[in-house]
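Asks:
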Amino acid sequence: MDSFFSFYKDPLFSIIIIISIIIIVAIADYTRNRFKLKEKKDSLNALANNFNYYKFDENINTAIEISKAPIQTLTFIANIYVSNGNFDEAIKIYLSILDKTKDIKNKMDIFELLGMTYYKAGFMQRAKNIFIEILKNNPRNFKVLSLLMQTYETLGEYKNAYDVISCIEELEGKMDNVKKYIKILILINDSIMPPMQREKEILKINSNITNKLTLSYIKQNNLEKFWELILNTKNIYNCIDILWNLDNPPLELIKNHKEISDVYRAKGIINDNIECDIFELETIRILNKNSSKNGTLGFKYCCASCQGIFPFETHRCQSCGELGSMNLVLEIMERKNEKNYSLL
Ligand SMILES: [Zn+2]
Numbered sequence: 411m412d413s414f415f416s417f418y419k420d421p422l423f424s425i426i427i428i429i430s431i432i433i434i435v436a437i438a439d440y441t442r443n444r445f446k447l448k449e450k451k452d453s454l455n456a457l458a459n460n461f462n463y464y465k466f467d468e469n470i471n472t473a474i475e476i477s478k479a480p481i482q483t484l485t486f487i488a489n490i491y492v493s494n495g496n497f498d499e500a501i502k503i504y505l506s507i508l509d510k511t512k513d514i515k516n517k518m519d520i521f522e523l524l525g526m527t528y529y530k531a532g533f534m535q536r537a538k539n540i541f542i543e544i545l546k547n548n549p550r551n552f553k554v555l556s557l558l559m560q561t562y563e564t565l566g567e568y569k570n571a572y573d574v575i576s577c578i579e580e581l582e583g584k585m586d587n588v589k590k591y592i593k594i595l596i597l598i599n600d601s602i603m604p605p606m607q608r609e610k611e612i613l614k615i616n617s618n619i620t621n622k623l624t625l626s627y628i629k630q631n632n633l634e635k636f637w638e639l640i641l642n643t644k645n646i647y648n649c650i651d652i653l654w655n656l657d658n659p660p661l662e663l664i665k666n667h668k669e670i671s672d673v674y675r676a677k678g679i680i681n682d683n684i685e686c687d688i689f690e691l692e693t694i695r696i697l698n699k700n701s702s703k704n705g706t707l708g709f710k711y712c713c714a715s716c717q718g719i720f721p722f723e724t725h726r727c728q729s730c731g732e733l734g735s736m737n738l739v740l741e742i743m744e745r746k747n748e749k750n751y752s753l754l
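Position one of the sequence shown corresponds to residue 411 (the working numbering), numbered consecutively onward.
1) Can you find at least 3 beta carbon pairs, one from the region 677-694 and one from the region 719-728, that sit closer than 8 Å?
2) Measure how close the beta-carbons of residue 492 and residue 553 come, nearest whole angstrom, since I'm counting them as under 8 Å.
3) Taking the C-alpha atoms as reference points, what is the distance between residue 523 and residue 565?
4) So is residue 603 buried or exposed if we call it buried at 16+ other beta carbons inside 10 Å?
5) Would you identify the three-state DSSP class for residue 645, choosing helix, strand or coil?
6) Going by beta carbon distance, what residues of the same chain come within less than 6 Å of residue 653, once the five residues before and after it are set aside?
7) Could you tell me the boundaries of the beta strand (DSSP E) in which residue 769 lies?
8) Kindly list the residues whose CB is nearer than 6 Å to the CB of residue 589, restricted to its own chain and excluding five residues on each side of it in sequence; keep chain order.
9) Is residue 698 near residue 678, with beta carbons less than 7 Å apart?
10) Does ligand 1 have even one heavy atom less than 6 Å from the beta-carbon of residue 729?
11) Assuming residue 716 contacts residue 732 (C-beta within less than 8 Å), just tell me the rounded distance between them.
12) Just to confirm, does residue 716 get its C-beta within under 6 Å of one of the non-hydrogen atoms of ligand 1?
13) Going by DSSP, what residues sit across from residue 739 in a beta bridge?
14) What are the boundary residues of the alpha helix (DSSP H) that residue 691 is part of?
15) Cutting at 6 Å between CB atoms, please list the residues of its own chain near residue 528, excluding the five before and the five after it.
16) With a threshold of 6 Å (Cβ to nearest heavy atom), would residue 732 be considered close to ligand 1?
17) So, with DSSP's three-state summary, where would you put residue 726?
18) Can you tell which of 644, 555 and 428 has the C-alpha that lies nearest to the C-alpha of residue 577?
19) Following the continuous alpha helix (DSSP H) through residue 512, name the residue where it begins and the one where it ends.
20) Using 6 Å as the cut-off, classify the Cβ of residue 713 as near or not near the heavy atoms of ligand 1, replying yes or no.
21) Distance, Cα to Cα, residue 680 vs residue 633?
22) Is residue 733 helix, strand or coil when you go by DSSP?
23) Are residue 740 and residue 662 touching if we call contact CB-CB under 7 Å?
This is the structure in structure tokens:
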């Protein structure tokens, strides 16, 4: 009995016990990591298989097999396809690479590129699934968080977009303007809140960056309020497209506002001899007064951030994603008995 206890007191025994515990913990940890890695691989493969309706190109597969740095080369080619708008070819390449790549880091990078390509090609649901999967593995990926927010926004899932902004704020600091913008979109699309309360809430949040979005909404729902707001708007030039398509302005209310009145001078609704300050408006006014030809205005939208020009206005640039960066560009056009409607 005595010898039994002395065995327990033996320091060698304690060392053996500690080493055994370390080995057991290490084995358990290794097994758990292997399992996690397998789970991750399986989930990424399952995600890739969702998009396998594209037939893998034999040439791409051959290139992957014989090239020394196939991923870099093929990614470079795919990027060229994306910048030329040939999204189908780029998607084929990314899916082929995903099929042949075993390394998780490489797979995640390709998934990010594939998600962005789906986003640019307008396959928002597919882009969303990929971005969510990437964030499961790397929740602090700022670029993917931003893209997911914009994807939710495009899909009209504004509440989800708002939740993603909160995650981005934790990484990047305050995003007040984006929050205000998404909050206004949530309110505009809230079919339960009574219209008057919705209007009140929207006006409470409204800022310079959301002003045109707010004006377009109020114009559809409360014309009287719209005129009150537009009279206090600083950048009237950027709102000429909204004003141009209103045929019955309250002349008494706007008579002392030169910039707004000029729009209706050009349209021929105000018929006096006062010159318009803006060249395009004055040209149309003079043309319509003195020629048998009739002029009208066309509208384009130029992004102040990327200089892209678009035929329709969006509050977020479709090319660079910048918010509230669209500047109105006026175009003089010949009027041929048809009206030019902007979508505002
Ligand atoms: Zn832009």
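The beta carbon of each residue, even a glycine, is placed where N, CA and C say it ideally should be.
Every value quoted in this text rests on a predicted model; they were computed, and no experiment measured them.
Replies: Put simply:
1) no
2) Their Cβ separation, rounded to whole angstroms, is 15 Å, which puts residue 492 and residue 553 out of contact at 8 Å.
3) 20 Å
4) exposed
5) coil
6) 673
7) This structure leaves residue 769 out entirely; the chain is present only between 411 and 754.
8) 575
9) yes
10) yes
11) 7 Å
12) yes
13) 710
14) 689-700
15) 536 and 537
16) yes
17) strand
18) 555
19) Segment: none, residue 512 is in no alpha helix (DSSP H) and carries neither H nor E.
20) yes
21) 20 Å
22) strand
23) no
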